[in-house]
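Numbering-wise (numbering that gives the first Met the number 0), the sequence shown opens with residue 0 and increments by one.
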Amino acid sequence: MTKLSPSVQRRWFVTGASRGLGHAIATLAIARGDKVCLVARHPDIAAVAAALGPDAIGVQADVSKAEDLATACAAVADRWGGIDVLVNNAGLHRGGKVDVLDVADWEQSLATNLSGPMHAVRAALPHMSGGGSIVNIGAVVGFRGFAGDSCYGASKAGLAGLTQILATELAARQIRVNLVVPGFVMTDMTAGVSERARDAIVAKVPLRRMGKPEEIADVCWWVAGSTYMTGSVVMTDGGLMCNL
Ligand SMILES: NC(=O)c1ccc[n+]([C@@H]2O[C@H](COP(=O)([O-])OP(=O)(O)OC[C@H]3O[C@@H](n4cnc5c(N)ncnc54)[C@H](OP(=O)(O)O)[C@@H]3O)[C@@H](O)[C@H]2O)c1
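Laid out in structure tokens, this is it:
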């Protein structure tokens with residue numbers, strides 16, 4: 000098995016990289032010298048990647064479709080020879096209390112937030128070797144009860160469980176799997192939250208502010224490169240979980 004040295008230019012595969020946290024993770028990895036494949040459904044994802052320079056490529060894929068991810072991972076491996084870091088970041092939020100939620104929202108949430116990472120892992124694994132790293136992006140709602148968030152919370156709780164299972168399964172191949180859990184971060188996903196609701200959440204955050212995408216990206220970078228961490232939950236939430 001090959002062991003990656005920090006001086007090697009790593010090859011990242013980041014899902015949900017057209018905007019928000021995924022884009023910040025990709026931007027930071029490139030700025031620090033690695034190569035990144037940005038993945039999203041957006042038809043302009045190749046142009047989004049091109050704007051980050053020659054170490055970025057963009058591939059259009061829907062993470063809820065296993066065949067999209069198999070094709071995308073094979074294309075990256077063809078071009079760069081393999082994948083060192085997989086970041087399962089693509090996600091969506093759908094709300095609604097259990098008696099009124101739309102079943103289609105439930106299914107889409109699970110398909111994107113939980114089945115998506117599973118499909119991505121299965122697609123990437125044939126192209127990963129020892130020293131590789133998988134970073135899953137969880138949510139505080141996957142660990143605490145928020146009324147009206149069963150679609151999102153259940154999918155993210157599932158991802159937390161999947162992270163631990165994969166950490167044990169893939170340790171024999173020296174591939175690490177960890178969960179980074181952002182708190183309340185300013186992206187398109189949270190842009191629609193009312194000022195009142197936002198203030199109420201921020202009041203629960205000990206650091207008294209929302210997170211910035213670059214702050215989450217920095218933690219993902221560090222987790223991806225850590226060599227003795229697997230199956231861990233890395234809270235990056237301004238202390239929110241401590242206060243719930
Ligand atoms: N923002 C927060 O406060 C927060 C807190 C905790 C956890 N998170 C998690 O962090 C991750 C990123 O969230 P964000 O805030 O950056 O959200 P965002 O701004 O809405 O971005 C979501 C990204 O996921 C992609 N995506 C969605 N469905 C996809 C699919 N089926 N296939 C491929 N790509 C898909 C979107 O691209 P396309 O639409 O182009 O496909 C976009 O790039 C999510 O997993 C989210 O649950 C966010």
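Where a beta carbon is used, it is the ideal one built from N, C-alpha and C, also for glycine.
Any idea what DSSP makes of residue i, helix, strand or coil?
i	result
residue 188	helix
residue 155	helix
residue 244	Any property of residue 244 remains undetermined from this structure, which presents the chain solely from 0 to 243.
residue 225	coil
residue 82	coil
residue 59	strand
residue 136	strand
residue 204	coil
residue 141	helix
residue 175	strand
Could you give the distance in angstroms between the alpha-carbon of residue i and the alpha-carbon of residue j?
i	j	result
residue 88	residue 19	10 Å
residue 129	residue 174	6 Å
residue 178	residue 136	6 Å
residue 106	residue 112	10 Å
residue 0	residue 242	Residue placement at residue 0 cannot be trusted, given a pLDDT of 39 that sits under 50; the coordinates are not used to answer.
residue 188	residue 115	18 Å
residue 306	residue 81	In this structure the chain extends from 0 to 243, so residue 306 is not present and cannot be described.
residue 58	residue 78	12 Å
residue 220	residue 85	11 Å
residue 131	residue 83	5 Å
residue 90	residue 172	27 Å
residue 194	residue 201	10 Å
residue 47	residue 30	15 Å
residue 159	residue 127	21 Å
residue 144	residue 154	13 Å
residue 96	residue 146	7 Å
residue 167	residue 224	18 Å
residue 64	residue 240	33 Å
Does residue i have its Cβ less than 7 Å from a Cβ in chain B?
i	result
residue 114	Of the protein chains in the structure, only one exists, and it is not chain B.
Can you round the beta-carbon distance between residue i and residue j to whole angstroms, since I take them to be within the 8 Å contact cut?
i	j	result
residue 14	residue 62	5 Å
residue 215	residue 184	6 Å
residue 71	residue 60	4 Å
- Message: Pairs of beta-carbons, one from the region 206-216 and one from the region 233-242, closer than 8 Å: are there three or more?
- Response: yes
- Message: For the structure I just gave you, are there three or more beta carbon pairs, one from the region 33-41 and one from the region 148-161, closer than 8 Å?
- Response: no
- With a cut-off of 8 Å, do at least 3 Cβ pairs link the region 95-109 to the region 42-62? no
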